[in-house]
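Participant: 0 is the number of the first residue of the sequence shown in numbering that gives the first Met the number 0; add one for each residue after it.
Next up is a structure, given as C-alpha cells.
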Amino acid sequence: MNPTGFAVNRRENAEGIDLNRQYLQPEAQETVAHIDWLKGQPKFELCLCLHEDWEAQGFYFYELNPDGRPSLAEKIVTRVAEVCPIDTSEIIEGRPAQNGIIRPSVDPRSRPQWPEAFFLLTHKTRLSYTLEAPSDFPLSVRVAAVGSGGGAVRWRGKSET
0 MNPTGFAVNR RENAEGIDLN RQYLQPEAQE TVAHIDWLKG QPKFELCLCL
50 HEDWEAQGFY FYELNPDGRP SLAEKIVTRV AEVCPIDTSE IIEGRPAQNG
100 IIRPSVDPRS RPQWPEAFFL LTHKTRLSYT LEAPSDFPLS VRVAAVGSGG
150 GAVRWRGKSE T
C-alpha cells in the first residue's frame with residue numbers, strides 16, 4: 000500500500016502523509032484508490048490487515064470486535080508464538096495491551112483520523128484484526144508471523160472451525 004514509505008522505513012508516503020490515518024477523510028491517492036477498491040467488494044465476515052511496526056519489540060495485534068463475537072485473539076497469539084516472539088508489554092503504541100493483544104475503543108467517533116481498520120469496521124465487517132509484525136526481524140520471521148496469525152483463523156461458511 001505504501002511503496003515509497005516502505006522503501007525508506009517510514010509510515011508516510013513520499014508526500015509525508017501517514018496513509019493509515021487517512022480513511023475518514025482521504026486525500027492521498029493511495030488511500031483514495033484503496034477505498035474505491037474496497038467499496039466494490041462485498042461485506043466480509045472477518046478482516047485481517049497485515050502491517051509492520053518499525054518500532055515493535057515483537058508481534059502484536061489489534062482486535063476490533065464491537066459485537067462481542069467469539070474472539071480469535073488467543074488462538075492467534077498461540078500460533079504466532081510458535082514462530083515469532085510476542086510483545087508482552089502492558090502498553091503498546093500508547094494503548095493498554097495484554098499478551099500482545101490490543102482491544103481499543105471501537106467507537107469511530109473516538110478517533111479524528113481513522114486507520115484502515117476503522118473504515119473496514121464501519122463499512123465492511125464487524126470483526127477485524129490488524130496484525131503487526133516487527134519490521135526489524137528477518138523477513139522469514141515476519142512472513143511466518145502474519146501467516147501463522149492468519150492461519151489461526153479458519154472459516155467454514157460463517158462459523159469458525
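Just so you know, even glycine gets a beta-carbon here, dropped at the ideal spot from N, CA and C.
Excluding five sequence neighbours on each side, which residues of the same chain lie with their C-beta closer than 8 Å to the C-beta of Gln-40?
Facilitator: For this step, residue 40 is matched to residue 41 along the sequence shown. Hits under 8 Å: Lys-123.
Participant: Spatial neighbours of Glu-131 within its chain, please: CB distance less than 8 Å, with the 5 preceding and 5 following residues excluded, ordered by chain position.
Facilitator: Translated into the one-based positions of the sequence shown, residue 131 becomes position 132. Closer than 8 Å at the Cβ level, and outside the excluded window around Glu-131, lie His-50, Glu-51, Asp-52, Ala-55, Phe-58, Tyr-59, Phe-60 and Tyr-61.
Participant: Is it true that the CB of Leu-119 sits closer than 7 Å to the CB of Ser-127?
Facilitator: As a first step, residue 127 is located in the sequence shown; it is residue number 128 there, counting from the start. As a first step, residue 119 is located in the sequence shown; it is residue number 120 there, counting from the start. Result yes, Cβ atoms of Ser-127 and Leu-119 sit closer than 7 Å.
Participant: For the region 26 to 86, which segments carrying the beta strand (DSSP E) assignment without a break, of at least 3 residues, lie completely within its bounds, in sequence order?
Facilitator: 46 to 52 and 59 to 63
Participant: Do Gly-99 and Ile-85 have their C-beta atoms closer together than 7 Å?
Facilitator: Within the sequence shown, residue 99 is the residue found at index 100, counting from 1. Within the sequence shown, residue 85 is the residue found at index 86, counting from 1. Their beta carbons are under 7 Å apart, which means Gly-99 touches Ile-85 by this criterion.
Participant: Helix, strand or coil for Ser-127 per DSSP?
Facilitator: As a working note, residue 127 is residue 128 in the sequence shown. It is a strand residue.
Participant: Express the C-alpha separation of Lys-74 and Val-152 in angstroms, rounding to a whole number.
Facilitator: Taking the sequence shown and counting its residues from 1, one reaches residue 152 at position 153. Taking the sequence shown and counting its residues from 1, one reaches residue 74 at position 75. Val-152 and Lys-74: Cα-Cα distance of roughly 8 Å.
Participant: What is the residue span of the beta strand (DSSP E) that Gly-94 lies within?
Facilitator: Translated into the one-based positions of the sequence shown, residue 94 becomes position 95. First, the residue type needs correcting, since residue 94 is Arg and not Gly in the sequence shown. Residues 94 to 97.
Participant: Report yes if the CB atom of Val-7 is closer than 7 Å to the CB atom of Pro-65, and no otherwise.
Facilitator: Within the sequence shown, the letter at position 8 stands for residue 7. Within the sequence shown, the letter at position 66 stands for residue 65. No, these two residues do not count as a Cβ contact at 7 Å.
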